Structures are given as C-alpha cells and as structure tokens.
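Trainee: Sending over a structure as structure tokens; questions will come in a sec.
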Amino acid sequence: MKKIMLSGLIVLLMAPILYSQELTGEDIIKKVNELFDVESGYAKAKMTIMTTSGQKRTFIYESWSKNKGEKNLVRYLEPRRVKGQATLMLNNADDIWMYFPRTQRVRKLASHAKKQKMQGSDFSYEDMGSGDAFTKDFNSKKLKDEKMEGYNCYKLELTRKPGGDVSYSRLIMWIIKENFVPVVIDYYDEDDPTLWLKRMVESDIRVIDNIPTAMKVVMYNKNDNTQTELELIEVKYNITLDDSMFTERSLKK
0 MKKIMLSGLI VLLMAPILYS QELTGEDIIK KVNELFDVES GYAKAKMTIM
50 TTSGQKRTFI YESWSKNKGE KNLVRYLEPR RVKGQATLML NNADDIWMYF
100 PRTQRVRKLA SHAKKQKMQG SDFSYEDMGS GDAFTKDFNS KKLKDEKMEG
150 YNCYKLELTR KPGGDVSYSR LIMWIIKENF VPVVIDYYDE DDPTLWLKRM
200 VESDIRVIDN IPTAMKVVMY NKNDNTQTEL ELIEVKYNIT LDDSMFTERS
250 LKK
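According to numbering that gives the first Met the number 0, the sequence shown holds residues 0 to 252 in order.
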C-alpha cells in the first residue's frame, strides 16, 4: 500500500514536468497570446533611439489600447517639436492616421505604412500592434529548448501562413517557461526567410495587475546597426476607455 501511495505521489510531482514536455508549438504560442489578451491598457513610456553615429534621440509618449490591441492611440509629450503629435492605429495597424499640431491636420497613411519606422525608431507600426498576429498569421513549430537571457526557454519557429497579413516571413522566439513571456524575438525579411533583420530583447519583467510585463524592451536593427530602447514609466491594464478615443476626430483633442 505504501509503495502504491509513493508511486502515486511521484506521478503527481512529475505531472507539471510531463505537461510541459507535451506542449506543442501551437500550445505555447497560444499561451503567449494570452499575455496580450487584455481588453484595454494604458502606458507612459520613454523611447530612446541610438543612431549609427552614436547619437541619441529621446521621446516620451502616452499610449492607450482597446479590444486586445486592435485599437491603439499614441500621443507624444516630449520633445517640444513633437509635443501634441498623435498616431491612431486600427485593425492591427492596417489603418493609420497621424495628427500634426502645427498644421492641425490629420493625415491617413498609405496601407503599406505599417512597415515604416515609428518616429524613425527600430520599431515599425506593425511591431506596436496587436499580439494576436502570432496565432492568426503564423504557424508555430517547437524547436529544442534553450536558455536565453538567463531564463529556461521554449524555442519556437513561426513561419508566415499563406496569405498572412504580416511583414515578416519568419520569427524565432525564446519564451520563458515560467510565465510565457517572449524574452527574445528574431525577425526575418518579408521575402527572404534567411535574412535576419532585427532582434527584440525584453527585460525587467514585473507582474502588474497579475500580468507579467517587460518594463524594458530593446530592438536591435542588424542591417542599420541601430537600436531603440523602450522603458515603461507607468502601465495599467483593463481600464475603462471610451470608443470615441479611437477616432480620427479624437486625434485633435
């Protein structure tokens, strides 16, 4: 009887390990997607761009998101030359409007604009959009587990689905086993899946409103030899936001 009880205890203790081994690439990426699956959010952030010459350009902005990242509004606070400038991104950045306070005009960007750099940074508008692209536009394959940035990680290869509405043909992701945060993502060219474009590294991970959140994100551009650092100053999740915030008219407010 004691042997039976002991065997049962061993099975129970091993259950989490066995479960983790059985996770497929699709299972893991769904867990990642759940991190982005918040109804709404607010953030105040500092963005620092390091140019090829070593110069730094810094921006402070506020952002609001709704409908699990489908709607995003960004308003710049600093420096003075961009203060009041705003960007509205809808439908995962397929539709983008920009407001320029000097001219008090709103301009809709072309459909391909989501590939462009945000304020000349190494983040594109698409990079700042909804995280559901990981499941909607990519197929996921689990590779050999690896240690990355000091964490035990799942390693995934994501390949764009036929007709996938994304600007990258392939992603390689290292996902922390403990909390499913994608600590490193490598981005590959839209047409050449062997051409490595960028690497994103997340750090200073804190739990905010029960959600693991990277307070610092750095995007390294392999082609341009530049990098952009995002530091979250303040962040809130699942807050009340009116739909009227995410309209062309609201950009001028």
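Glycine is no exception: its CB is placed at the ideal position from the N, C-alpha and C atoms. Note that the structure is predicted; figures quoted are calculated from it, not measured.
1) Considering only the alpha carbon of each residue, which of Y219, G53, G128 and R106 lies closest to M88?
2) Got a sec? Which residues, its chain only, sit under 7 Å from G163 by beta carbon, not counting five neighbours each side?
3) For V182 versus M214, is the C-beta distance shorter than 8 Å?
4) To the nearest angstrom, how far is it from the Cα of D191 to the Cα of L170?
5) Could you have a look at E69 and say whether DSSP puts it in helix, strand or coil?
6) Let me know the beta strand (DSSP E) ranges lying completely inside the segment 165-251, each 3 residues or longer, listed in chain order.
7) Pop quiz: S62 and K114 are said to be a contact at Cβ under 8 Å. What is the actual Cβ separation, rounded to whole angstroms?
8) What would DSSP say about T134, mapped onto helix, strand or coil?
9) Is the beta carbon of I59 closer than 8 Å to that of E77?
10) Could you pull the DSSP bridge partners for V37 from this structure?
11) How should I232 be labelled, buried or exposed, when 16 other C-beta atoms within 10 angstroms of its C-beta is the threshold for buried?
12) CA-CA distance, Y150 and V234?
13) When the Cα atoms are used, what is the spatial distance from M248 to M117?
14) What are the boundary residues of the beta strand (DSSP E) that T86 is part of?
15) Please classify K143: does DSSP put it in a helix, a strand, or coil?
16) Which word fits V206, buried or exposed, when buried means at least 16 other C-beta atoms lie within 10 angstroms of its C-beta?
17) Among residues of its own chain, excluding the 5 on either side of K45, which ones have a beta-carbon nearer than 7 Å to its beta-carbon?
18) Taking the straight line between their C-alpha atoms, what separation do you get for L196 and S123?
19) Please go through the same chain and pick out, in chain order, the residues whose beta-carbon is closer than 8 Å to the beta-carbon of P100, but skip the five residues on each side of it.
20) Considering only heavy atoms of the ligand MN, does any lie closer than 7 Å to the CB of L229?
21) Can you tell me which of the three DSSP states K160 falls into?
Mentor: Reading it off the structure:
1) Cα-wise, what sits closest to M88 is G128.
2) D136 and F137
3) No, Cβ-Cβ distance for V182 and M214 is not below 8 Å.
4) Each residue's alpha carbon lies about 12 Å from the other.
5) Coil.
6) Taken in chain order, the unbroken stretches of beta strand (DSSP E) that lie wholly in the segment 165-251 and span 3 residues or more are 169-175, 181-187, 195-207, 210-220 and 225-236.
7) That pair is no contact at about 20 Å.
8) Here T134 sits in helix by DSSP.
9) Yes.
10) Looking at the DSSP assignment, V37 forms no beta bridge with any residue, so it has no partner.
11) Result: exposed.
12) 24 Å
13) It is worth fixing the name first, because residue 248 is Arg in this sequence and not Met. For R248 and M117, the distance between alpha carbons rounds to 21 Å.
14) From DSSP, the beta strand (DSSP E) with T86 extends over A85 to L89.
15) coil
16) exposed
17) T57, I59, E230 and I232
18) 12 Å
19) K82, G83 and Q84
20) Of ligands this structure carries none, so the ligand MN is not represented either.
21) coil
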